[in-house]
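K.L.:
Numbering (my numbering), first residue to last: 3 to 308. Quick reminder that beta carbons are idealized off the backbone N, C-alpha and C, glycines included. First the structure, then my questions, so here it is.
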Amino acid sequence: MTDPITYSPEVASALKDGAPVVALESTIITHGMPYPQNVETARQVEADIRAEGAVPATIAVLEGVLHIGLTEAELDRLAQARDVAKLSRADLAACMARGGTGATTVAATMIASHRAGIHVFATGGIGGVHRGAETSFDISADLIELAKTPVTVVAAGAKAILDIPKTLEVLETQGVPVIAFGQDEVPAFWSRSSGLAAPLRMDDPALIAKAALTRSRVFGLEGGQLVVNPIPETDEIPRSVMIPVIEEALAAAEAQGITAKAVTPFLLDHIFHATKGASLTANIALVRNNARLGAAIAREFSTMDG
Ligand code: PSU
Ligand code: MN
Numbered sequence: 003m004t005d006p007i008t009y010s011p012e013v014a015s016a017l018k019d020g021a022p023v024v025a026l027e028s029t030i031i032t033h034g035m036p037y038p039q040n041v042e043t044a045r046q047v048e049a050d051i052r053a054e055g056a057v058p059a060t061i062a063v064l065e066g067v068l069h070i071g072l073t074e075a076e077l078d079r080l081a082q083a084r085d086v087a088k089l090s091r092a093d094l095a096a097c098m099a100r101g102g103t104g105a106t107t108v109a110a111t112m113i114a115s116h117r118a119g120i121h122v123f124a125t126g127g128i129g130g131v132h133r134g135a136e137t138s139f140d141i142s143a144d145l146i147e148l149a150k151t152p153v154t155v156v157a158a159g160a161k162a163i164l165d166i167p168k169t170l171e172v173l174e175t176q177g178v179p180v181i182a183f184g185q186d187e188v189p190a191f192w193s194r195s196s197g198l199a200a201p202l203r204m205d206d207p208a209l210i211a212k213a214a215l216t217r218s219r220v221f222g223l224e225g226g227q228l229v230v231n232p233i234p235e236t237d238e239i240p241r242s243v244m245i246p247v248i249e250e251a252l253a254a255a256e257a258q259g260i261t262a263k264a265v266t267p268f269l270l271d272h273i274f275h276a277t278k279g280a281s282l283t284a285n286i287a288l289v290r291n292n293a294r295l296g297a298a299i300a301r302e303f304s305t306m307d308g
């Protein structure tokens, strides 16, 4: 068997030195945003993390090998590739075994991050409980992964395409700390407000790192933390604007019989077109904001993790 995991030189040296590293997923590139904004955003987010004194590690499977950190050329190829597999916990290993190429979701990126010794991972939105889950049973594997794998995930909340109250219920049942950064409410992706109180609030990246280390060191608890970081005010789209767009996207998915893994990418693409790209502009702003917070948390981990 050839080495199943490879590290970019920058990431390898940061991990060896205990320097701050922030993991990034690749499904957001291949299934979450259109080309060329996807690759432009991926590069920008990496630059944001470097500007904040941490090293970015974008994660993907390329021809069977799990890459922790991509070169510019690899990132560009992945962003333009067609029919890239979307890999979650269920299919990550199978894709590697058959020498395939795939993008990692939140769940698979957490698994890879933990394997690499990376404590923090920044993204846009997580998967959650879909509306109508009481009949479809569509609950993202991301939620279960948060309960199992000790990585702190920074996101802007769950999109309102999901059932946010049910998503919070599942996270509570699974014992996942949901920490709103700097406000009392859980943010709702494109908007800062969801109308739902956050289970936990923290205003200091150091406290977020300390809480994770307390879970693992004092109790040996499995599982990670979900940090929900509100989109910057200047970039937010009011809920009243998004609600009809979301309703229309959900109706289209239903009418076209979209199921399983295809649901989230279908809805994201539909909303992108329906908002004439405004949803994407907001999405880019919030991912960058999450990357900066992820870097601040990673710096704290690297001072405490000695
Ligand atoms: N939500 C977003 N953007 C995304 C995703 C979710 O706002 O790009 C992607 C992430 O990779 C997430 C995955 O892990 O979709 C969830 O897919 P599913 O609902 O099939 O578990
Ligand atoms: Mn699903």
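Taking DSSP's pairing of strands, which residues face His69 in a bridge?
P.N.:
Thr8 and Ala62.
K.L.:
Just reading off the alpha helix (DSSP H) that Phe183 is part of, what are its end residues?
P.N.:
It is not in any alpha helix (DSSP H) - Phe183 instead sits in the beta strand (DSSP E) that spans Val180 to Phe183.
K.L.:
Give a yes or no on whether the C-beta atoms belonging to Leu145 and Leu173 are separated by under 8 Å.
P.N.:
It is a contact, given that the beta carbons lie within the stated cut-off.
K.L.:
Three or more beta-carbon pairs under 8 Å between the segment 109 to 123 and the segment 246 to 260, yes or no?
P.N.:
Because the criterion of three Cβ pairs below 8 Å is not met, the segment 109 to 123 and the segment 246 to 260 do not touch.
K.L.:
Check this for me: beta carbons of Ala109 and Arg91, under 8 Å apart or not?
P.N.:
It is a contact, given that the beta carbons lie within the stated cut-off.
K.L.:
Is there at least one non-hydrogen atom of the ligand MN closer than 7 Å to the beta-carbon of Asp271?
P.N.:
For the ligand MN, not one heavy atom lies less than 7 Å from the Cβ of Asp271.
K.L.:
Quick test of the definition: if touching needs 3 or more C-beta pairs under 8 Å, does the segment 198 to 207 touch the segment 231 to 241?
P.N.:
The segment 198 to 207 is not in contact with the segment 231 to 241.
K.L.:
Compute the minimum distance between the beta carbon of Val153 and the heavy atoms of the ligand PSU, and state whether it is under 7 Å.
P.N.:
Every heavy atom of the ligand PSU is 7 Å or more from the Cβ of Val153, so no.
K.L.:
Taking the alpha carbon of Ala157 as the reference point, which residue from Ala213, Tyr9 and Ala25 has its own alpha carbon closest?
P.N.:
For Ala157, the nearest C-alpha among the options comes from Ala25.
K.L.:
Considering only the beta carbon of each residue, do Ala21 and Ile70 sit closer than 8 Å?
P.N.:
No, they are not a contact pair.
K.L.:
So, helix, strand or coil for Phe123, using DSSP?
P.N.:
Three-state result, Phe123: strand.
K.L.:
Fully enclosed by the segment 154 to 199, which beta strand (DSSP E) runs are 3 residues long or longer?
P.N.:
The segment 154 to 199 contains these whole beta strand (DSSP E) runs: 154 to 157 and 180 to 183.
K.L.:
How would you write the range of the alpha helix (DSSP H) that Val108 sits in, first residue to last?
P.N.:
Unbroken alpha helix (DSSP H) run through Val108: Val108 to Ala118.
K.L.:
Give the secondary structure of Ile141 by DSSP, where H, G and I count as helix, E and B as strand, and everything else as coil.
P.N.:
In this structure, Ile141 counts as strand in the three-state DSSP scheme.
K.L.:
Could you confirm whether any beta carbon from chain B is found closer than 8 Å to the beta carbon of Val178?
P.N.:
As a matter of chain content, chain B is missing from the structure shown, which is built from one protein chain.
K.L.:
In the segment 229 to 285, which residue ranges form an unbroken alpha helix (DSSP H) of at least 4 residues, counting only runs that do not cross its ends?
P.N.:
Segments of the alpha helix (DSSP H) lying fully in the segment 229 to 285: 241 to 257 and 265 to 276.
K.L.:
According to DSSP, Lys88 sits in a beta bridge with which residue or residues?
P.N.:
Note: Lys88 sits in a beta bridge opposite Ala105.
K.L.:
Going by DSSP, what residue range makes up the alpha helix (DSSP H) through Met98?
P.N.:
Looking at the DSSP string, the run of the alpha helix (DSSP H) that includes Met98 is Leu94 to Ala99.
K.L.:
For the structure I just gave you, are there three or more beta carbon pairs, one from the segment 120 to 135 and one from the segment 160 to 170, closer than 8 Å?
P.N.:
Verdict: yes, contact present.
K.L.:
When you measure from the CB of Val108 to every non-hydrogen atom of the ligand PSU, does any distance come out below 7 Å?
P.N.:
Yes, since a heavy atom of the ligand PSU falls inside the 7 Å radius drawn around the Cβ of Val108.
K.L.:
Closer than 7 Å to a non-hydrogen atom of the ligand PSU - does that hold for the CB of Ser195?
P.N.:
Not so, every heavy atom of the ligand PSU lies at least 7 Å from the Cβ.
K.L.:
Is it buried or exposed for Asp85, if we count other Cβ within 10 angstroms and need 16 for buried?
P.N.:
Classification for Asp85: exposed.
K.L.:
Using 8 Å for Cβ pairs, my map puts Ser10 next to Leu72. What's the rounded Cβ distance?
P.N.:
Indeed, because the Cβ distance is near 7 Å, the residues count as touching under 8 Å.
K.L.:
Which stretch, first to last residue, makes up the alpha helix (DSSP H) that contains Arg52?
P.N.:
Looking at the DSSP string, the run of the alpha helix (DSSP H) that includes Arg52 is Gln39 to Ala53.
K.L.:
For a test of the three-state rule: what should DSSP assign to Val306, helix, strand or coil?
P.N.:
According to the sequence as given, residue 306 is Met; it is not Val. In this structure, Met306 counts as helix in the three-state DSSP scheme.
K.L.:
Tell me which residue opens and which closes the alpha helix (DSSP H) that Val220 is part of.
P.N.:
Run containing Val220: Pro207 to Phe221, per the alpha helix (DSSP H) assignment.
K.L.:
Can you confirm whether the segment 184 to 193 touches the segment 255 to 266 when touching is taken to mean that 3 or more C-beta pairs between the two stretches lie within less than 8 Å?
P.N.:
Too few Cβ pairs lie closer than 8 Å, so no.
K.L.:
Taking Gly34 as the reference, give the member of Phe303, Glu224, Val220 and Thr106 with the closest Cα.
P.N.:
Of the listed residues, the one whose Cα sits closest to Gly34 is Thr106.
K.L.:
Around the C-beta of Gly101, are 16 or more other C-beta atoms found within 10 angstroms, so that it is buried, or is it exposed?
P.N.:
So Gly101 ends up on the exposed side.
K.L.:
Would Lys263 be called buried (16 or more neighbouring beta carbons within 10 Å of its own) or exposed?
P.N.:
Classification for Lys263: buried.
K.L.:
From this set, Thr32, Val23 and Glu249, which residue's C-alpha is nearest Ala83's C-alpha?
P.N.:
Of the listed residues, the one whose Cα sits closest to Ala83 is Thr32.
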